[in-house]
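Numbering (the numbering used here), first residue to last: 243 to 512. Everything on this sheet refers to the single structure shown next.
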Amino acid sequence: MKRWKKLGFPKPKSEASKGELSLVDNEIYSGIVVPEGYYYFVRLDGWCFHRVCKELKLEKPFDRFLATSLCKCAEEFFNIFNCSLAYIFSDEINLLFLRKPGFERIEKIDSVFAGIASSRATIELRKLKKFDFVVGFDCRVIPADKKDVLRYLIWRQAECKRNCYNAFAQLALEKKGFCGEELSKRLAGKNVSALKRLIKKEGLLSCMGPWHEKGILLYWKKYKKKGYDPIRKKEVIAERRKVFVDWNPVLFNSASGKSFILNLMKNGVV
């Protein structure tokens, strides 16, 4: 029995050569594809980004230059694969695809997307300072039906908020001299409300911007562009689209947030 069949995997779809010496049947993950009839998210998470922040001396708890660099990473996927939406917070990039990007193998999506994100991030971050360490991302694919798209975004935005308050609370305690295990103990078990009280008490609440708490949203947006029709010899107005970066996005769990996402899913553009 072939290895993939013995282990319960689908038949490999490897692009490697076949023949007497071939071990294509051992490439057991190559047959796993995005299921038919689903939209899907690709989530990219920064790998060892604490070193990036330390080596580049980035601002705590969040750095605008790093966030802008991640937006540039996300824009690559709009330009190359016609991504429909990107949601970013911390070192996480979430990409929504309403159509397959030309290939469907999970193994290929994970490897190609992680490579593109790592390369683009390196290019952008080196604009701040030359460095020789590795910038990397891990990658996963999350299938989602229509109702799961909104649920997924609500979930990640809730995580963004929790991460934001935790990061500002940690900064507040560091300013008071706490570190290591003692700092962790003081943050352990605190919900968002408790963290907010701590941040307010230490005077850092006013430092919190919309993108810290709600994340950053990228999507296609329509705009008008003047042109010239050489055949009719007259000026014309053409409709185009461009990637819009929203640093103060809607709350996905609100009525306006739900309406916005459903409209984007229906039309592919705002």
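Where is the CB? At the ideal position from N, CA and C, for every residue including glycine.
Note that the stretch 429 to 441 does not touch the stretch 361 to 371; fewer than 3 beta-carbon pairs, one per stretch, sit closer than 8 Å.
About 7 Å separates the CB atoms of isoleucine 348 and valine 276; that is less than 8 Å, so the two are in contact. The Cβ atoms of methionine 507 and serine 256 lie no closer than 9 Å to each other.
In this structure, valine 377 and alanine 363 form a Cβ contact; the two beta carbons are roughly 5 Å apart against a cut-off of 8 Å. Annotation for tyrosine 281: the continuous beta strand (DSSP E) segment containing it runs 281 to 289. Under the DSSP assignment, tyrosine 394 falls in the alpha helix (DSSP H) whose first and last residues are 388 to 417. In this structure, the CA atom of alanine 309 is about 44 Å from the CA atom of lysine 247. For aspartate 488, the enclosing beta strand (DSSP E) covers residues 476 to 488.
The C-alpha of asparagine 509 is placed about 25 Å away from the C-alpha of leucine 286. In this structure, the CA atom of phenylalanine 331 is about 11 Å from the CA atom of aspartate 305. Within the DSSP secondary-structure output, proline 385 pairs in a beta bridge with Tyr282. Cα atoms of glutamate 269 and leucine 395: separation of roughly 33 Å, rounded to the nearest angstrom. Close CB contacts of tryptophan 489 within its chain, under the 7 Å cut and outside five residues either way in sequence, are with Pro452, Trp453 and Ile458 (chain order).
Here valine 383 is not near phenylalanine 502, since their CB atoms are 9 Å or more apart. Here aspartate 305 carries a coil assignment [DSSP, helix/strand/coil]. Lysine 427 has its alpha-carbon roughly 14 Å from the corresponding atom of alanine 414. Valine 275 is bridged by DSSP to Arg347.
Burial state of phenylalanine 291 is buried, judged by a 10 Å Cβ sphere holding 16 or more other Cβ atoms.
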